[in-house]
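Under our numbering, the first residue of the sequence shown is numbered 1, with each subsequent residue one higher.
By construction, the Cβ of each residue, glycine as well, lies at the ideal position given by its N, Cα and C atoms.
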Amino acid sequence: MPAPLPNAKAKTLLGVPYDHYKLPDGSDLYITRHGRPFLQHLRPESWFESEWFRNSREKLRGTSTVYKVRTKPIDGVAKDLVVKWCRVGEKVPMDTFTLNKFIDAEFNTPYEEFSLVMEMRARARPGTILTHKPLAIFVPAKRLELWQTGRSRTKIAHKKAKFRDVELDIYRQYILIYEWIKGAASTEPAAIAAALEDGYEDAETFARDMLHRSITDMWQAGYRVLDVKPEHVIVRPAKNKGLLRDRSGRPAYALVDFELLARTPEHEENVKGARRQTYLERQRDRFAMPFQPADFPEHLHAMRIFGVDYVYGDTASTGGKLWVVGHDPLLFDYFLPERWRRTPRQSMSDSAQVYHTKTKDGIELVWKVSHVGDTPATAEPDGLGPGPNGYNSPFEEFAYAFQLTAAGVPTTYPRAIYMLGHRSTLPPEILDQRRYESHQHLSQPDGTPILQRERNYISIWGYWNGLDEVLAREDRIHPHCRGINADQARDQGHITPDEYDACHENMTRLLASAGLESPQLLGTHYLLTLLPDETIQRDPDGLPTVRLCNFEFLRPIGGAPAFAENSVPP
1 MPAPLPNAKA KTLLGVPYDH YKLPDGSDLY ITRHGRPFLQ HLRPESWFES
51 EWFRNSREKL RGTSTVYKVR TKPIDGVAKD LVVKWCRVGE KVPMDTFTLN
101 KFIDAEFNTP YEEFSLVMEM RARARPGTIL THKPLAIFVP AKRLELWQTG
151 RSRTKIAHKK AKFRDVELDI YRQYILIYEW IKGAASTEPA AIAAALEDGY
201 EDAETFARDM LHRSITDMWQ AGYRVLDVKP EHVIVRPAKN KGLLRDRSGR
251 PAYALVDFEL LARTPEHEEN VKGARRQTYL ERQRDRFAMP FQPADFPEHL
301 HAMRIFGVDY VYGDTASTGG KLWVVGHDPL LFDYFLPERW RRTPRQSMSD
351 SAQVYHTKTK DGIELVWKVS HVGDTPATAE PDGLGPGPNG YNSPFEEFAY
401 AFQLTAAGVP TTYPRAIYML GHRSTLPPEI LDQRRYESHQ HLSQPDGTPI
451 LQRERNYISI WGYWNGLDEV LAREDRIHPH CRGINADQAR DQGHITPDEY
501 DACHENMTRL LASAGLESPQ LLGTHYLLTL LPDETIQRDP DGLPTVRLCN
551 FEFLRPIGGA PAFAENSVPP
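In structure tokens form, the structure reads like this:
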């Protein structure tokens, strides 16, 4: 009688609930709802014990490592399984045509594969798509050398960054366990013989018809397999003659092999739309939920810097750091650099690195390379400059933005701060040292400073197209407004020169009401709101509504200390 299993912990990964068993030898076993009735069959000693596995397995056709295995009898009953070694992080060995068509194809992670299979099974029209059931994921404790796994560090880093809430170890094996489906692949002799009995002209016609039918059914459900093959279509010869039929009278079939299963582009866009809506709602409520650091994933931490609350963590794909404004750890992944750094962008400044982009999740952001540490000048070419105070750090900029909001001064929304992973090539001694010295008491959870001389920083802001609470409620219903800076509004004829001067005076007055000033306030430092009908939004007094969007020169009036609070866990 096998030893009792340790207690399972409920865990949901990519939307799939699992019972997670941490086994005594350090292995991990994740059981799906389909696998629960067969728990004793799925525990590794029932099928993976060395001698038993060697004598009870049957190698299945294909380029991957996949076997049919009969388990040891449990209460007199054995079970047939399909066990398949996950190839995540390995090179995809497809033919030249397919590889050129899907140049970015990558093997799914085990959790990604199960999630997509479960999702497809749930979305498919009744009676169309059957698959072998995903039962469990087994992760042996043994760690291999990198040359033994055949994995690419870059590919694994990309997957880890994409799915931060799942464990993925480049040195461990991942074995997917499916239920065995009785039948034969559409290319096997038994299936071909039954098809000929049913009146098909030849084996090639039958295999092609079944393949096209499965492709159509999957596409209608919103999915595709990038290396789809006739061998992936399983049919069942009937007991008497021909093939087993479904309710529509056509040959019944089931699908196997989902390591390259993906959503169709249209369905992926729909999923992105739902993900965007989730983002908007969570962004609206980012401060509503209280901090519960004990419930945070292991890779994330709560921080407070200059009175602003953040969710902090590493960016595995780049080796950088990320601070996301608010209390919600589920917002963190939206701001990982791979979601926005390489998407098409539009420059928004002639003198600074400021860009507008739409992320891979369909979220519009503005990201700006921080000038912190740049040597201040008393005069720029236009006669203006930051003067002796120097450039604010992105942490100061965010704190000022919230200070202004609390005082009733409209601003653009601070979203996240990204510290790049690579080191700057500028000699540290040429930098303006003041911010590094004033921030030296502010540290990350590992004790290193939040502001480092050898690193560059990017501040990420919401693209101004409406209030968060309005977008969360009406994003798909009403057209958006958009921001336009005062210089553009004047030059494009939306406001008169007199109104431009009035806007400038109003912005200066609003800043002073919050105890702040910007010594070199420019028309590009604040936005006006262009409504969907191309008119400018105005205050009750008739003046254009102004909204600050540049915070790098702000300082307290009279030289009072800006912030005294340390960086601490909230």
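TODO: Would you list the residues sitting across from Gln346 in a DSSP beta bridge?
DONE: Looking at the DSSP output, Gln346 shares a beta bridge with His356.
Task: Distance, Trp180 Cα to Pro189 Cα - done: Spanning the two alpha carbons is a distance of roughly 19 angstroms.
Open item on the list: Can you look up Lys159 in the DSSP assignment and give me helix, strand or coil?
Closed with: Here Lys159 sits in helix by DSSP.
Task: Start-to-end residues for the beta strand (DSSP E) that takes in Asn485 - done: For Asn485, the enclosing beta strand (DSSP E) stretches over residues Arg482 to Asn485.
TODO: Return the first residue and the last residue of the alpha helix (DSSP H) that Val271 is part of.
DONE: Run containing Val271: Pro265 to Arg284, per the alpha helix (DSSP H) assignment.
Task: Member of Asp446, Tyr436 and His441 whose CA lies at the smallest distance from the CA of Tyr457 - done: Of all alpha-carbon atoms in Asp446, Tyr436 and His441, the one lying nearest the alpha-carbon of Tyr457 is that of Tyr436.
Open item on the list: Looking at Leu654: is its Cβ nearer than 7 angstroms to the Cβ of Ile177?
Closed with: Residue 654 lies beyond the stretch modelled for the chain, which goes from 1 to 570, so this question has no answer here.
TODO: Could you check which residue in Ile215, Ser214, Glu231 and Ala221 has the C-alpha nearest to that of Ala203?
DONE: Cα-wise, what sits closest to Ala203 is Glu231.
Task: Assumed close pair Ala184, Val235 - CB separation to whole angstroms, cut-off 8 angstroms - done: Right, the Cβ-Cβ distance comes to about 7 angstroms (below 8 angstroms), so this counts as a contact.
TODO: Note down, in chain order, each residue of its chain lying with its Cβ closer than 6 angstroms to the Cβ of Val92, except the 5 sequence neighbours on either side.
DONE: Same-chain partners within the cutoff: Ala105.
- [ ] In the DSSP assignment, find the beta strand (DSSP E) that holds Asp574 and state where it starts and stops.
- [x] The displayed coordinates of the chain run from 1 to 570. Any statement about residue 574 would go beyond what the structure contains.
Task: Neighbourhood of Asp246 by C-beta distance below 7 angstroms, restricted to the same chain and skipping five residues each side - done: Taking C-beta separations shorter than 7 angstroms and ignoring five residues to either side along the sequence, the partners of Asp246 in its chain run Gly127 and Ala252, following chain order.
Open item on the list: Between the region 502 to 521 and the region 543 to 550, can you find at least three pairs of beta-carbon atoms closer than 8 angstroms?
Closed with: Enough Cβ pairs lie closer than 8 angstroms, so yes.
- [ ] Put Phe138 into one of helix, strand or coil per three-state DSSP.
- [x] Strand at Phe138.
- [ ] Taking only the alpha-carbon atoms, compute the straight-line gap between Val256 and Gly89 and give it to the nearest angstrom.
- [x] Cα to Cα, the separation comes out at about 21 angstroms.
Task: For Tyr171, the first and last residue of its enclosing alpha helix (DSSP H) - done: Run containing Tyr171: none; DSSP gives neither H nor E here.
- [ ] Find the nearest neighbour of Glu454 within the set Ala195, Gly320 and Tyr223, judged by alpha-carbon distance.
- [x] The shortest C-alpha separation from Glu454 is found at Gly320.
Task: Spatially closest choice to Ile129 from Asp217, Arg538 and Glu364, by CA coordinates - done: When each option's Cα is compared against that of Ile129, the closest is Asp217.
Task: Residues near Pro497 by beta carbon distance below 8 angstroms, same chain, minus five either side - done: Cβ contact annotation for Pro497 (same chain, cutoff 8 angstroms, sequence separation greater than five): Arg490, in chain order.
- [ ] Return the chain-ordered list of same chain residues with a C-beta closer than 6 angstroms to the C-beta of Tyr400, the five sequence neighbours on each side being excluded.
- [x] Excluding sequence neighbours, Tyr400 sits near Phe551 and Leu554.
TODO: With a 10 Å radius around its C-beta and 16 neighbouring C-beta atoms as the bar for buried, classify Ile450 as buried or exposed.
DONE: Counting every other CB atom within 10 Å of its CB across the protein chains shown gives Ile450 a total of 16 or more, marking it as buried.
- [ ] State the Cα-Cα distance for the pair Ala195 and Arg213, rounded to the nearest angstrom.
- [x] Answer to the nearest angstrom: the Cα atoms are 15 angstroms apart.
TODO: Would you check if the distance between the CB atom of Asp361 and the CB atom of Arg275 is smaller than 7 angstroms?
DONE: Yes, the pair counts as a contact, with Cβ atoms nearer than the cut-off.
Task: Exposure of Ala157, with buried meaning 16 or more beta-carbon neighbours within 10 Å - done: Classification of Ala157: buried, given that the 10 Å Cβ count is 16 or more.
Task: Thr535 - DSSP class collapsed to helix/strand/coil - done: Thr535: coil per DSSP, three-state reduction.
- [ ] Measure the CB-CB distance between Tyr18 and Lys11 and report whether it falls below 7 angstroms.
- [x] Yes, the Cβ-Cβ distance between Tyr18 and Lys11 is below 7 angstroms.
- [ ] Using only alpha-carbon positions, find the residue among Pro297, Val325 and Glu269 that is nearest to Asp285.
- [x] The closest CA to that of Asp285, considering only Pro297, Val325 and Glu269, is found on Val325.
Task: Local Cβ density within 10 Å of His441, reported as buried at 16 or more and exposed below that - done: The C-beta of His441 has fewer than 16 other C-beta atoms within 10 Å across all chains shown, which makes the residue exposed.
Open item on the list: What does DSSP give as the partner residue(s) for Ser459 in the beta ladder?
Closed with: Residue pairing for Ser459: DSSP places it in a beta bridge opposite Lys368 and Ile417.
Open item on the list: Taking the alpha-carbon of Ala78 as reference, which of Ser50, Ser46 and Ala416 has the nearest alpha-carbon?
Closed with: It is Ser46 whose Cα lies nearest to the Cα of Ala78.
TODO: Pick out whichever of Asp541, Pro540, Ala514 and Thr529 has its Cα sitting closest to the Cα of Pro556.
DONE: Pro556 has its Cα closest to that of Ala514, out of Asp541, Pro540, Ala514 and Thr529.
Open item on the list: Give me, in chain order, the residues of the same chain whose beta-carbon lies closer than 8 angstroms to that of Ala288; leave out the 5 immediate sequence neighbours on both sides.
Closed with: Within the same chain, Ala288 has close Cβ partners His327.
- [ ] Would you mind giving the Cβ-Cβ distance between Pro337 and Thr315, rounded to the nearest angstrom? I have them listed as a contact below 8 angstroms.
- [x] So it is a contact: roughly 6 angstroms between Cβ atoms.
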